[in-house]
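For the sequence shown, our numbering gives the first residue as 227, with consecutive numbering after it. Here the structure comes first, spelled out in structure tokens, and everything after it is commentary.
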Amino acid sequence: AGDLSLENNGGFASTRRIYDPVSWDSKRAIVIKVVGDGRSYQFRLRTNRNMDGVAYVANFKTQKDTAHTIRFELKDFSAQFRGRLVRGAPALQFSDVAQMGFMLADKNPGSFVLQIEHIEQVKEVI
């Protein structure tokens, strides 16, 4: 939660966490359960522990004060660097994920809130 500002070239807010490589299977979808504020967010994955570089991004919309579950498959992610598509980036494999996070980048100033209830991988193969 916070207050998005356009000052100092702002317009975005993000959070992420570095992991030892997660033990995800690239043949299974990832599911997140969130409670949002009606804004659109990005679910962001990285395959390295660096603080800068390519992120694999999937966009999703939220409904104000409503919990909902969103399912992501490999095809839902695009390689990006600072908001621009990266051509020729290695294909994402969930088994390579070392960081995950969320970003609000709509350049719409004002308060926001995104509650993450859980992130997990589904049991069935896609």
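Ideal placement from N, C-alpha and C gives every residue a C-beta, glycine not left out.
Any idea what DSSP makes of residue i, helix, strand or coil?
i	result
ASP291	coil
ASN285	strand
SER231	coil
LEU300	helix
SER266	strand
When burial is assigned at 16 or more other CB atoms within 10 Å of the CB, is residue i buried or exposed?
i	result
GLN341	exposed
MET326	buried
LEU330	buried
ILE352	exposed
Which residue from the options puts its Cα closest to that of residue i?
i	options	result
GLN347	ASN334, VAL257, GLY336 and ASP246	VAL257
LEU271	SER249, SER252, LYS290 and ARG242	ARG242
ARG275	ARG313, HIS294 and ASP322	ASP322
The ligand ATP heavy atoms versus the CB of residue i: any closer than 7 Å?
i	result
SER337	In terms of ligand content, the structure shown is empty, and the ligand ATP therefore cannot be addressed.
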